[in-house]
Structure formats: structure tokens, C-alpha cells
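Contents: one structure, followed by commentary.
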Amino acid sequence: MVTALEATYPALKVRSAHLDTVMARETIYREKYDLILIYGGIEIIRPENAFDLNQLIDVILIAPQVAYLLPLKQEILKDYPIIIKLIDKKIFGTVLVHRQLVIY
């Protein structure tokens with residue numbers, strides 16, 4: 000995805016990294032990149048860190064296999080302008096298949 004974004008928008012500085020990495024080096028990432036694609040487990044969305052997530056994240060996409068947690072996570076983030084949506088099963092499956100083909 001980073002490669003596709005950079006090819007489409009050459010002036011855009013894009014990086015993909017785990018949430019823990021970005022939070023540990025938040026200032027560096029904010030200064031160096033225009034768009035940061037952050038990944039991590041859904042368990043990271045907790046009431047005690049909702050404010051911190053709001054400072055860093057605009058959109059959260061949830062994998063279909065944890066769809067049952069969507070209402071709970073939406074409730075945690077209800078006071079923040081973070082968009083939280085479920086990824087369509089077919090799109091999610093297509094991305095995983097494509098990624099596996101590229102890796103192997």
C-alpha cells in the first residue's frame with residue numbers, strides 16, 4: 000500500500016509501522032511523514048489510551064474476524080473524532096491473498 004501511495008502521490012511521504020513503534024517515536028514520525036499507516040491488534044483500543052490514540056489516529060479499520068468487537072471499540076472512541084469501520088470480508092480476503100502471492 001505504501002508503494003502504491005508513493006507511486007500515485009510522489010510528493011507524499013508515506014510510512015507503514017506498528018502502533019508501538021510510532022507511539023515510541025511519535026515526534027520523529029510526525030516530522031518525517033505526511034501519512035503513517037499504523038497496524039496493530041484491536042486490543043490496543045482501550046479506555047485508558049483513547050485520548051492518546053486520538054492524538055495520532057484519524058481512521059481505524061477493523062478486520063472481519065474481530066467484527067464482534069466493533070460495537071465495544073466504537074463505544075470506547077465515541078467521544079473522539081476517530082472513524083472506526085469494519086473492513087469488507089471480500090476486500091480483506093483479496094488483500095491477504097495478494098500479499099501472500101507477493102511474499103512467497
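In numbering that gives the first Met the number 0, the protein residues as written are 0 to 103.
Glycine included, every Cβ here is placed at the ideal spot set by N, Cα and C.
Own chain, CB closer than 8 angstroms to residue i, minus 5 neighbours either side, in chain order
i     : result
Ile41 : Ile61, Ala62, Val65, Leu68 and Lys72
Ile17 : Sequence check: residue 17 is His here, not Ile. The residues are Ile37, Tyr38 and Gly39.
Lys88 : Pro63
Ile75 : Ile44, Arg45, Pro46 and Ala49
Val21 : Tyr28, Ile35, Ile37 and Leu55
Lys84 : Val58, Ile59, Leu60 and Ile61
Tyr79 : Ala49, Phe50, Leu52 and Asn53
Contacts around residue i, its chain only, beta-carbon distance under 6 angstroms, and the 5 residues preceding and following it disregarded
i      : result
Asp106 : Because the chain here runs from 0 to 103, residue 106 falls outside it and cannot be looked at.
Ser15  : Val1 and Leu36
With 16 other Cβ atoms within 10 Å as the buried cut-off, status of residue i
i      : result
Ile59  : buried
Val101 : Residue placement at Val101 is poorly supported in this model, since its pLDDT is 41, which falls under 50; the coordinates still yield a value, given next. Exposed, since its Cβ has fewer than 16 Cβ neighbours within 10 Å.
Tyr103 : Here Tyr103 scores only 36 on pLDDT, less than 50, and its place in the model should not be relied on; the value that follows carries that caveat. Tyr103 is exposed by the Cβ-count criterion.
Ile81  : buried
Which residues DSSP lists as bridging residue i, in chain order
i     : result
Arg29 : Beta-bridge pairing links Arg29 to no other residue.
Lys84 : Leu60
Short CB-CB distance (under 8 angstroms) between residue i and chain B
i     : result
Thr26 : Among the chains of the structure shown, chain B does not appear; only one protein chain is present.
Inter-residue CB distance, residue i and residue j (contact presumed, cutoff 8 angstroms)
i      : j     : result
Leu104 : Asp33 : A question about residue 104 goes unanswered here, because the residues of the chain that appear run from 0 up to 103.
Val13  : Glu5  : 6 angstroms
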